[in-house]
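Report on the following structure.
Protein chains: 2
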Amino acid sequence: MFSAPQTEQATGFKVQRGDGFHSGTVRRIEAKEHVFCEGDPRTHVYRIEDGVIALSKVLSDGRRQIIDFAYPGDYIGLGMFGDHVFDAQATCASKVKCLPTSQLEHDAARDPALALRLYNAVSAELSAARRLLVSVGQGTAMERIASFLIELKGRGGHLEDDIINLPMRRSDIADLLGLTIETVSRTLTKLRMMRIIQIENGNDVRILDPDRLQELAG
Amino acid sequence: MFSAPQTEQATGFKVQRGDGFHSGTVRRIEAKEHVFCEGDPRTHVYRIEDGVIALSKVLSDGRRQIIDFAYPGDYIGLGMFGDHVFDAQATCASKVKCLPTSQLEHDAARDPALALRLYNAVSAELSAARRLLVSVGQGTAMERIASFLIELKGRGGHLEDDIINLPMRRSDIADLLGLTIETVSRTLTKLRMMRIIQIENGNDVRILDPDRLQELAG
DNA sequence: CGAGACGTTGAAGAAGGTCAATGCAAGTGG
DNA sequence: CCACTTGCATTGACCTTCTTCAACGTCTCG
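These protein sequences, in sequence, are chains D and P. Heads up, the first sequence is in my numbering, so the first residue is 26 and it goes up one at a time. Heads up, the second sequence is in my numbering, so the first residue is 26 and it goes up one at a time.
This is the structure in structure tokens:
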């Protein structure tokens, strides 16, 4: 029961068949509800079934950096030592499938193929984190927004090919890209004015000119 | 032959004994020489023996984001699909031990313990990348510099406990933190003026007030 | 010694942040 | 059904931080 086909470069490499998730229980998560918080013991690994989960770090003064958005088919909670270091919070109503960490580790210690799939899954997360770092560290607001839209386009689950659904608030995008909601908003309006995108139902972005968007991404 | 003890949170989890590196050949790298470049086929995994290797992404217009500094004991070249996506360049004269990728993959497919060590190694890199992302995405110049110094303090290879060696140029620090060399320089000067650090031989930073430095890091 | 690489410092400018007002749609309660 | 609230997005005016541009100092190495 694996969701829509996605590209390999999307965060959370698909572990595919044999990941033990056939036996997991499904948990329903409301918008803004936490799957787990920083400091919680790492009891489970989760596979997103539906919705979007934001992984984030919240600083003592309230600033927040979103590390990644996990989409259906992605895994969260992999590869951490001890307690969770990040928050995992749904940006919209979601479903996740849960597998006890202990079981996964137990299986992986006996099954090199599973262990290698875990290795690949975390490697893909690492690539995604580094791509984001480049964008945040070097890009202007426009470049960050443009490459964010392109990154999302590469993920699955869009009704039409040139329409990107944004199942998160402006504040989530801002916290992912190291900007403010105002800058996100202004930049999206600028892209609208340039006839590069069009905003459809509040949360759907239609890409009118993919080439120019790609150029703007740097 | 494993180098100075280091904390687990340092980038590049030590794979420890049994990583196959007993048989690797050692390669000497001059300052600013590349170990590999973006686009090169991924032929080897490298373990740093001596020096510091900067992993970076260079954009078409010359802007550069350093992803990580690899210190002795760290591994580079792990967990990538196909060709290299980043440059690896020595910031100072260094030595690396090389192991053919094919051999490592061959071994890992038969040895779950090795596969799990790879998994842990990449997981640690992921944690480091995310810590850096938080710093770059949310921190002011001062916060980025302060947490950079603290991060380096956590790595091994310092002669004295409160002296951090900076075996890289200002431009490397700037490209790691998403700042300019001028801002790096000014911020270090400010830290000097505040009597929190002291610069010893051009490249050695003595931490006079670790507590205040920690506060500034956020 | 002279040239190049690197670092520091200053002055001016720009990108993005902060603060504040407005709009808009979805609840909620009378 | 309508007034009121609440959450989110947009837009404008102003301000701060960091960048840019430029000059200068220092060190090393040919």
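Backbone N, C-alpha and C define an ideal beta-carbon position, used for all residues, glycine too.
Classify residue i: buried if its beta carbon has 16 or more other beta carbons within 10 angstroms, exposed otherwise.
i	result
P:M193	buried
D:H131	exposed
P:T32	With a pLDDT of 36 at P:T32, under the threshold of 50, the modelled position of that residue is not reliable, and the figure given next carries that caveat. Exposed.
D:G102	buried
D:N228	exposed
P:F38	Reliability fails at P:F38, whose pLDDT of 45 lies under 50, so the model's placement of it is uncertain and no value is given.
P:I232	buried
P:E207	exposed
P:D236	exposed
D:C117	buried
D:A29	Its pLDDT being 36, under 50, D:A29 is placed unreliably in this model, and the coordinates cannot settle the point.
P:K57	exposed
D:S48	exposed
P:M26	Because P:M26 carries a pLDDT of 32, less than 50, the predicted location of this residue cannot be relied on, and no value is offered for it.
P:L124	buried
D:L191	buried
P:E168	buried
D:G87	exposed
D:T36	Caution applies to D:T36, whose pLDDT of 40 falls short of 50 and renders its modelled position unreliable; the value that the coordinates give is listed next. Result: buried.
P:G104	buried
P:G98	buried
P:R89	buried
P:N226	exposed
P:L129	buried
D:L184	exposed
Starting from residue i, follow the alpha helix (DSSP H) in both directions and report where the run begins and ends.
i	result
P:F173	A166 to G179
D:Y144	P137 to Q163
P:R217	I206 to M218
D:I198	R195 to L202
D:R88	D:R88 -> no alpha helix (DSSP H), and no H or E assigned at all.
D:R67	Careful: D:R67 lies outside any alpha helix (DSSP H) and carries neither H nor E.
D:D236	P235 to L241
Beta-carbon separation of residue i and residue j under 8 Å?
i	j	result
P:L238	P:I224	no
D:A242	D:A166	no
D:I54	D:V110	no
D:V147	P:Y71	no
D:A154	P:R155	yes
P:L141	D:A133	yes
P:Y100	P:G182	no
P:A113	P:F61	yes
P:D186	P:S119	no
Assuming residue i and residue j form a contact by the criterion Cβ under 8 Å, report the distance between their Cβ atoms to the nearest whole angstrom.
i	j	result
P:D136	D:P66	That pair is no contact at about 29 Å.
P:D10	P:L80	Residue 10 of chain P lies beyond the range of chain P shown here (26 to 243); nothing can be said about it.
P:I73	P:D197	Actually they do not touch by this definition, with Cβ atoms about 15 Å apart.
P:V161	D:L158	7 Å
P:L202	P:F173	6 Å
P:T126	P:H69	6 Å
D:I189	D:L177	5 Å
D:G64	D:D108	5 Å
Need the endpoints of the beta strand (DSSP E) that residue i sits in, please.
i	result
P:P125	S119 to P125
D:L80	I78 to V83
D:D15	There is no way to answer for residue 15 of chain D, as the model of chain D reaches only from 26 to 243.
D:I232	D229 to I232
P:I222	I222 to I224
Shorter than 7 Å, the distance from the beta carbon of residue i to the closest heavy atom of the ligand SAM, or not?
i	result
P:R135	As presented, the structure is devoid of all ligands, the ligand SAM included, so that no description of it is given.
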